[in-house]
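Peer 1: Structure provided below as structure tokens; questions to follow.
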Amino acid sequence: YYITTAPKDFAKLAPLQFDVVLNPSVVDEAFERERLVILEEIRRSEDSPQRRTFRRAIETAFEHLPYRRQVLGPASVIEQLKAQQMRDFHAQWYQPNRITAVAVGNLPVDELIEIVADGFTQAKSTILDNSKSNPSVSQAGTKEVSEGQNPPVFEPEQPFQEIVRREYVDESLQQARLVMVWRVPGMTQIEQTYALDVLAVILGQGKMSRLVRDLREERQLVTHIGVSNMTQRLQGVFYISAQLPVKNLAVVEEAIAQHIHRIQTELIAEADITRIRTQVANRFIFGNEKPSDRTSLYGYYQSQMGDLTPALNYSKRIQALNAADLQVAAQKYLSPKAYGIVTIKPAKT
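Count along the sequence shown from 1, add 444, and you get the number used in the numbering used here.
Here you go:
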């Protein structure tokens, strides 16, 4: 939940935002309208080749962790939900002690904190008043929260021990899709993620990156190729995706593995590292220039880690990396002989 407002209006609007978050009116008729909206969003996501490819890749990357699930959920579940289930879920989980509140703006820090604290106080008072006036609505959720119920505990999945293949046919495609994934550290091991962020840029972000230059620009084996290091709280995914003719699938997979092997065995030139470190650090800085960007950044790190230090020091950590750090990360986490791979071919090849 977020709002953007002029500083002079923040004190008036913040309490309203807390009221929206903590005391929503989940009316049956409105619930039914929104159910149709969500079902339409699910249908549209299924119509997108890019989303279908991503879903299959993430389901390959994670066998058990909830990260493998679709954000919108399956249509079969949404179709069966009741408004009362939504009210019970809200009462159980949407409590002040579970909220991370972030305020960024041109107001004194003490004033921002006071406004937010007052908002929590007013919201708690409203919850108590609602409980007294209509106990049948709130008892179930309040009881479960008071007993300290928490989400289930998950553990990171083991790295791939071999090449795990998933193959699909998609009638809507004109070209094949290839995705290779590795299970890598998440935010609980954030010190291990910085080198992987840089390796993603070296391999597949921008025309000067190794895979783009070799496979797209020079050998013209792919129409598109890109690399990202996606960091979730418990575990991340090092993700290489390509769009290409079906006939090139095998040679491109082999070429990607060779590029990774090269990084594992040959130190990257210092000039390249300097350029890429600056690129990664600057991208992070420029991506968080606006107050709304910084609000999201601080809220994410605080809610996931309980600590803003990694967010504030990200650029410094990137700048401190050297060739040996990158080589060690590649050797430890990016095996050219053990990964998940998803290939999706057009119906007619």
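Virtual Cβ for every residue (Gly too), placed ideally from N, Cα, C. Only a predicted model underlies this, so the values are computations on that prediction, with no experimental measurement involved.
Could I get the ranges of all uninterrupted beta strand (DSSP E) runs contained in the stretch 587-635, with 3 residues as the minimum, in chain order?
Peer 2: Within the stretch 587-635, the complete beta strand (DSSP E) runs of at least 3 residues are 608-614, 620-629.
Peer 1: Taking contact to mean 3 or more Cβ pairs, one atom from each stretch, closer than 8 Å, check whether the stretch 657-664 and the stretch 627-643 are in contact.
Peer 2: At 8 Å Cβ cutoff, the stretches do not touch.
Peer 1: Which class does Ile700 belong to by DSSP, given the choice of helix, strand or coil?
Peer 2: The residue labelled residue 700 in the question sits at position 256 within the sequence shown. DSSP places Ile700 in helix when its eight states are reduced to three.
Peer 1: Check whether the stretch 666-681 and the stretch 640-657 are in contact - that is, three or more C-beta pairs closer than 8 Å.
Peer 2: Contact between the stretch 666-681 and the stretch 640-657 is present, because at least three Cβ pairs lie under 8 Å.
Peer 1: Could you spell out the range, first to last residue, of the beta strand (DSSP E) harbouring Ile785?
Peer 2: For this step, residue 785 is matched to residue 341 along the sequence shown. Its beta strand (DSSP E) spans residues 784-790.
Peer 1: Tell me the DSSP bridge mates of Arg668?
Peer 2: Position 224 of the sequence shown holds residue 668. The question names Arg, yet the displayed sequence has His at residue 668. Beta-bridge pairing links His668 to Gln687.
Peer 1: Report the three-state DSSP secondary structure of Thr448 (helix, strand or coil).
Peer 2: Position 4 of the sequence shown, counting from 1, holds the residue named residue 448. Here Thr448 sits in coil by DSSP.
Peer 1: Find out if the Cβ-Cβ distance for the pair Ala791, Val521 is shorter than 9 Å.
Peer 2: In the sequence shown, residue 791 corresponds to position 347, counting from 1. In the sequence shown, residue 521 corresponds to position 77, counting from 1. In this structure, Val521 does not lie closer than 9 Å to Ala791 by Cβ.
Peer 1: Which same chain residues, not among the five before or five after Thr739, have their C-beta less than 8 Å away from its C-beta?
Peer 2: Locating residue 739 in the sequence shown gives position 295, where the first residue counts as 1. Within the same chain, Thr739 has close Cβ partners Tyr446, Val546, Ala547, Val548.
Peer 1: With 16 other CB atoms within 10 Å as the buried threshold, where does Pro451 fall?
Peer 2: In the sequence shown, residue 451 corresponds to position 7, counting from 1. Pro451 is exposed by the Cβ-count criterion.
Peer 1: What is the C-beta distance between Thr504 and Val608, in whole angstroms, given that I count them as a contact (C-beta under 8 Å)?
Peer 2: To locate residue 504, count along the sequence shown from 1; it is residue 60. To locate residue 608, count along the sequence shown from 1; it is residue 164. Between Val608 and Thr504 the Cβ distance is about 7 Å, and since that is below 8 Å, they are a contact.
Peer 1: For Thr504, which residues does DSSP report across the bridge?
Peer 2: Translated into positions along the sequence shown, residue 504 becomes position 60. None, per the DSSP bridge assignment.
Peer 1: Helix, strand or coil for Met674, going by three-state DSSP, please let me know.
Peer 2: Looking up residue 674 in the sequence shown gives position 230. Here Met674 sits in strand by DSSP.
Peer 1: His534 to Glu473, Cα distance in whole Å?
Peer 2: If you number the sequence shown from 1, residue 534 lands on position 90. If you number the sequence shown from 1, residue 473 lands on position 29. Distance between the alpha carbons of His534 and Glu473 is about 17 Å.
Peer 1: Looking at C-alpha atoms only, which residue of Arg479, Asn541, Leu460, Pro518 is the closest neighbour of Gln566?
Peer 2: Against the sequence shown, residue 566 aligns to sequence position 122. Minimum Cα distance to Gln566 is reached at Leu460.
Peer 1: Kindly indicate which three-state DSSP category Val546 falls into: helix, strand or coil?
Peer 2: Counting from one through the sequence shown, the residue named residue 546 turns up at place 102. Correct three-state label for Val546: coil.
Peer 1: If Gln605 sits next to Ala782, beta carbons under 8 Å apart, how far is it from one beta carbon to the other, in whole angstroms?
Peer 2: On the sequence shown, position 161 is the one that residue 605 refers to. On the sequence shown, position 338 is the one that residue 782 refers to. Contact holds; Cβ gap of about 6 Å.
Peer 1: Helix, strand or coil for Val797? Go by DSSP, reduced to three states.
Peer 2: Not covered by the structure: residue 797. The range shown for the chain is 445 to 793.
Peer 1: Check whether the stretch 708-719 touches the stretch 768-788, counting contact only when three or more Cβ pairs, one atom from each stretch, lie closer than 8 Å.
Peer 2: Enough Cβ pairs lie closer than 8 Å, so yes.
Peer 1: Arg677 and Met624 - do their beta-carbons sit closer together than 9 Å?
Peer 2: On the sequence shown, residue 624 is found 180 positions in, with the first residue counted as 1. On the sequence shown, residue 677 is found 233 positions in, with the first residue counted as 1. For Met624 and Arg677, no; Cβs fall outside 9 Å.
Peer 1: Please work out which residues of its chain come closer than 7 Å, Cβ to Cβ, to Gln723, disregarding the five sequence neighbours upstream and downstream, and give them in chain order.
Peer 2: Within the sequence shown, residue 723 is the residue found at index 279, counting from 1. Excluding sequence neighbours, Gln723 sits near Val645.
Peer 1: In three-state DSSP terms, what is Gln679?
Peer 2: Start at 1 with the first residue of the sequence shown, and residue 679 comes out as number 235. In the structure shown, Gln679 sits in a strand (DSSP, three-state: E or B).
Peer 1: Quick check: the stretch 513-527 against the stretch 685-703, are there 3 or more CB pairs under 8 Å?
Peer 2: Because the criterion of three Cβ pairs below 8 Å is not met, the stretch 513-527 and the stretch 685-703 do not touch.
Peer 1: Please classify Ala561 as buried or exposed, where buried requires at least 16 neighbouring CB atoms within 10 angstroms.
Peer 2: Here residue 561 corresponds to residue number 117 of the sequence shown, with the count starting at 1. That one is exposed.
Peer 1: Out of curiosity, what's the CA-to-CA distance linking Pro629 and Ala755?
Peer 2: Taking the first residue of the sequence shown as position 1, residue 629 is located at position 185. Taking the first residue of the sequence shown as position 1, residue 755 is located at position 311. Distance between the alpha carbons of Pro629 and Ala755 is about 17 Å.
Peer 1: Please classify Leu480 as buried or exposed, where buried requires at least 16 other C-beta atoms within 10 Å of its C-beta.
Peer 2: Stepping through the sequence shown from its first residue, residue 480 is reached at position 36. Label assigned to Leu480: exposed.
Peer 1: Exposed or buried, what is Ser685 when buried is set at 16 or more other beta-carbons lying within 10 Å of its beta-carbon?
Peer 2: Taking the sequence shown and counting its residues from 1, one reaches residue 685 at position 241. Looking at its Cβ environment, which holds 16 or more other Cβ atoms inside 10 Å, Ser685 is buried.
Peer 1: Is any heavy atom of the ligand COA found at a distance shorter than 8 Å from the C-beta of Ala725?
Peer 2: With respect to small molecules bound, the structure shown includes none, and the ligand COA cannot be examined in it.
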